[in-house]
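Right, one structure below, let's go through it.
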Amino acid sequence: MRKLLLTCFLLVLVWANPLPAEQIEIDVHGMTCAFCVDSLQRNLRKLPDVESAEVSLKRKKVRIETTGDTVDIERIKETVLDSGFTPVKITPLDAQ
Amino acid sequence: MRNKLWSVLFLLAVSLSAHTAYAMGLRSFVALPVDKGGKVVRLQYQRNTDTSTDVLVTNAAYGISGKQTLLFGLPYRLSPAGSDRTGDLSTLYRHIVWQDDTAAGTSRLGLLGGLVIPTESDRDARLQAGAVATFYKGRTEWDIDALWIQGIDDATNRARYDIAWQYRLSPAVYPDWGIGQEWALDLELGGRWEEGNTMVHQATLGLQSVHRQWVFEAGVVQDLNGPDDTQLIFSTRFHF
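Sequences listed follow chains A and B, in order.
If you want my numbering, it's the 1-based position in the first sequence plus 24.
If you want my numbering, it's the 1-based position in the second sequence plus 2.
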């Protein structure tokens, strides 16, 4: 019985804590005011596998968190371009 | 005296613009970048305090791509009442032909072309063509645009130019992450010309409250020559 409970507990733990999401930082040039960059943030969030996207006007970067390890870098670049900006560098961040 | 004061204010602003950036002035609607599939609607109330005329101008923009945008504008006279209250529909296609993005800002040049479609059968259409340039760096933005509007048949020729300088008052430094509210000062010099008249140059002083999906802005427009009219502008725009 204890073994069964332990197995269930471990299964719940695994189910509740999926593999850590991958974080990617994109250096974006041409970002200006809040009104201008909001569209970039929203468009990135619409992408499949993108869980969150945060913009830093100070650092001229966008940080996105993906739900899996299959990230379509080309699609991300295209989204930045379609939003009117220029993607310069894409850096995967190490999971902490 | 009042005109001189406006001129001095504008020149002062120009001289302070060593830094350079923002998101479009009050008088023009052709500089705003619009993302692919993005839609922007602006409602602008204009009150001419000398002629007691109230006009509501509705503008809309649609982003075909990151570099191609459709722009529309339709004025409607709220008062005085009477006939011909709806102005002509301005349609413009903007193509950004050059863009240089840097970490500090952006420079863009766009070409404009379109039609002014009459909303009354007794008016004729016009063709319009022009250009718009944006230079953004640090806290300052310059937007410069000019349009030639060629009358067809009985319609008169027109021309206009706008030079807008915007300075981000707040925040002085952006937060590390996230998008917050911004305040910007807007100073503009513009000109409106219609065939048979001299060009009326106008100075504008405005303030913009910029949020993620909407902007509220207000300003005062003073003729520097000609009719010597003063206008008040209250405007809001939304990004969908």
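We put the CB at the ideal spot given by N, CA and C, even for glycine.
No experiment lies behind these values; they were computed from the predicted model shown.
With a cut-off of 8 Å on the beta carbons, I'd call residue i and residue j a contact; round off their distance for me.
i	j	result
Gly193/B	Gln204/B	7 Å
Thr108/B	Tyr138/B	5 Å
Arg87/B	Thr55/B	That pair is no contact at about 11 Å.
Arg44/B	Arg239/B	4 Å
Taking the alpha carbon of residue i as the reference point, which residue from the options has its own alpha carbon closest?
i	options	result
Ala135/B	Asp126/B, Arg125/B, Leu149/B	Leu149/B
Asp155/B	Glu197/B, Arg125/B, Glu190/B, Trp195/B	Arg125/B
Arg29/B	Ser172/B, Phe240/B, Leu207/B	Leu207/B
Pro173/B	Asp37/B, Ala127/B, Val217/B, Ser211/B	Ser211/B
Pro116/A	Thr56/A, Arg69/A, Ile97/A	Ile97/A
Val32/B	Arg170/B, Lys41/B, Thr71/B, Arg128/B	Thr71/B
Ala133/B	Ser123/B, Asp145/B, Leu76/B, Arg141/B	Asp145/B
For residue i, count neighbouring Cβ atoms within 10 angstroms of its own Cβ and tell me buried if that reaches 16, exposed if not.
i	result
Phe242/B	exposed
Glu219/B	buried
Asn67/A	buried
Pro177/B	exposed
Asp316/B	Here chain B comprises residues numbered 3 to 242, so residue 316/B is not present and cannot be evaluated.
Thr103/A	buried
Val175/B	exposed
Asn227/B	exposed
Ala105/B	exposed
Pro111/A	buried
Pro82/B	exposed
Trp100/B	exposed
Ala23/B	With a pLDDT of 33 at Ala23/B, under the threshold of 50, the modelled position of that residue is not reliable, and no figure is offered here.
Run through the DSSP bridge pairs and tell me what residue i is partnered with.
i	result
Asp145/B	Thr136/B, Ala166/B
Asn159/B	None; Asn159/B has no bridge partner.
Phe109/A	DSSP lists no partner for Phe109/A.
Ser81/B	Asp56/B
Lys41/B	Tyr64/B
Gly115/B	Tyr95/B, Ala131/B
Gly193/B	Tyr163/B, His203/B
Val79/A	Val86/A
Phe74/B	Ala62/B, Thr93/B
Asp102/B	Ser109/B
Thr115/A	Glu49/A
Asp188/B	Gln168/B, Gly208/B
Ser123/B	Per DSSP, none; premise fails for Ser123/B.
Ser237/B	Gln46/B, Glu219/B
Worksheet entry | Near-chain A residues of the region 174-191 of chain B - C-beta to any C-beta below 9 Å | Those residues of the region 174-191 of chain B that come within reach of chain A (Cβ to Cβ, closer than 9 Å) are Val175, Tyr176, Pro177, Asp178, Trp179, Gly180, Ile181, Gly182, Gln183, Glu184, Ala186.
Fill in: Contact residues within the region 65-80 of chain A, judged by C-beta distance below 9 Å to chain B
Answer in chain order: Gln65, Arg66, Asn67, Glu78, Val79, Ser80.
Practice prompt. Would you list, in chain order, the members of the region 37-49 of chain B that have their beta-carbon closer than 7 Å to a beta-carbon of chain A?
Written response: Against chain A - using a Cβ distance shorter than 7 Å - the residues of the region 37-49 of chain B are Asp37, Lys38, Gly40.
Practice prompt. Taking a Cβ distance cut-off of 7 Å, strictly less, list which residues of the region 103-131 of chain B are near chain A, in chain order.
Written response: Residues passing the 7 Å Cβ filter: Asp103, Thr104, Ala105, Gly107, Thr108.
Worksheet item: If contact means a Cβ-Cβ distance below 9 Å, which residues of the region 218-242 of chain B contact chain A?
Response: Within the region 218-242 of chain B, the residues whose Cβ lies closer than 9 Å to some Cβ of chain A are Arg239, His241, listed in chain order.
Discussion item. Residues of the region 80-110 of chain A in Cβ contact with chain B at a cutoff of 8 Å, in chain order, please.
Written reply: Within the region 80-110 of chain A, the qualifying residues are Ser80, Leu81, Lys82, Arg83, Lys84, Arg87, Leu105, Asp106, Ser107, Gly108, Phe109, Thr110.
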